[in-house]
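J.:
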Amino acid sequence: MSRTNVRRYRRSVLGGHTRWYYLVCGVLTSFVFTIPVFLILSLAVSLTDFPEQFIPPAVFATMILSVVASAFMATAGSKNSGWFNGTLVGLIYAFIITIVRWILESRIYVDKDILTLILCGALLGSIGGIAGINLTLKLRRFKPKERK
């Protein structure tokens, strides 16, 4: 099988797009969800008497929902490797958040918060990827009866 035929086969198996297409869409989806929630959270902190002790759990919950939803979306279009694609989406998201954090704090370091973020990104991404691939496969098999 020639190299172009292998690429065509991979695209047909993956639903017409390469794996990178779904990964980029998943990461963009995560930031489309994360950025508005962070903006709303920052407005709530600055304009109201929102207690600052609730900020870290709210940020972490936002990241969790964002990673799971984006991994689900990234693997829903592909037909295989749900856990792998989801893990990649979670890791890419966690690394981007870590790099932004390092830039904002003007120093590079690794502590338990960063390790927790990267580990949770990978694990939750794989869970979202598994759910995305399994639910879309079940939906593809479901064919409603035709009405006469």
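Sequence positions in the sequence shown follow this note's numbering and run 16 to 163.
C-beta: ideal position from N, C-alpha, C; glycine also.
Only a predicted model underlies this, so the values are computations on that prediction, with no experimental measurement involved.
Put F65 into one of helix, strand or coil per three-state DSSP.
T.: Here the question's residue 65 lines up with position 50 in the sequence shown. Reduced to three states, the DSSP call for F65 is coil.
J.: Would you report the Cα separation of D128 and G136, rounded to the nearest angstrom?
T.: As a position in the sequence shown, residue 128 is number 113, starting the count at 1. As a position in the sequence shown, residue 136 is number 121, starting the count at 1. Those two C-alpha atoms are separated by around 12 Å.
J.: May I ask you to check if the CB of D126 is nearer than 7 Å to at least one heavy atom of the ligand GTP?
T.: The ligand GTP is not among the ligands present in this structure, which contains no ligands whatsoever.
J.: Mind checking S85: buried by the 16 CB within 10 Å criterion, or exposed?
T.: In the sequence shown, counting from the first residue as 1, residue 85 sits at position 70. Result: buried.
J.: Report the three-state DSSP secondary structure of K94 (helix, strand or coil).
T.: Counted from its first residue, the sequence shown places residue 94 at position 79. Reduced to three states, the DSSP call for K94 is coil.
J.: Is Y124 buried or exposed, if buried means 16 or more other CB atoms sit within 10 Å of its CB?
T.: Numbered from its first residue, the sequence shown carries residue 124 at position 109. It counts as exposed.
J.: From the DSSP output, in three-state form, read off I70 for me.
T.: On the sequence shown, position 55 is the one that residue 70 refers to. The answer is helix: DSSP assigns I70 an H, G or I state.
J.: Cβ atoms of G41 and N109: under 8 Å apart, would you say?
T.: The count along the sequence shown starts at 1 and reaches residue 109 at position 94. The count along the sequence shown starts at 1 and reaches residue 41 at position 26. Position check: residue 109 holds Ala in this sequence, whereas Asn was assumed. Not in contact: A109 and G41 (Cβ atoms no closer than 8 Å).
J.: Which whole-angstrom value is the C-beta distance of S141 and G101, which I expect to be below 8 Å?
T.: Start at 1 with the first residue of the sequence shown, and residue 141 comes out as number 126. Start at 1 with the first residue of the sequence shown, and residue 101 comes out as number 86. With a Cβ gap of about 5 Å, S141 and G101 count as contacting.
J.: Give me the residue from T151, L43, Y36, M78 with the minimum Cα distance to L56.
T.: Numbered from 1 along the sequence shown, position 41 holds the residue referred to as residue 56. Nearest of T151, L43, Y36, M78 to L56, Cα basis: M78.
J.: By DSSP, does S45 sit in helix, in strand, or in coil?
T.: Stepping through the sequence shown from its first residue, residue 45 is reached at position 30. Note: S45 maps to helix in three-state DSSP.
J.: Got a sec? Which residues, its chain only, sit under 6 Å from T113 by beta carbon, not counting five neighbours each side?
T.: Working through the sequence shown from its first residue, we reach residue 113 at position 98. Closer than 6 Å at Cβ, skipping near neighbours: I129.
J.: Could you tell me the distance, in whole angstroms, from the CA atom of R116 to the CA atom of T33?
T.: Counted from its first residue, the sequence shown places residue 116 at position 101. Counted from its first residue, the sequence shown places residue 33 at position 18. Their Cα atoms are separated by approximately 30 Å.
J.: Run through DSSP, which three-state label would C40 get?
T.: Your numbering for residue 40 matches position 25 in the sequence shown. Residue state, collapsed to three classes: helix.
J.: Could you give the DSSP three-state label for S141: helix, strand or coil?
T.: For the purposes of this step, residue 141 is taken as the residue at position 126 of the sequence shown. Of the three classes helix, strand and coil, the one that applies to S141 here is helix, per DSSP.
J.: G143 and V47 - do their beta-carbons sit closer together than 8 Å?
T.: Here residue 47 refers to the residue found at position 32 when the sequence shown is read from its first residue. Here residue 143 refers to the residue found at position 128 when the sequence shown is read from its first residue. For V47 and G143, no; Cβs fall outside 8 Å.
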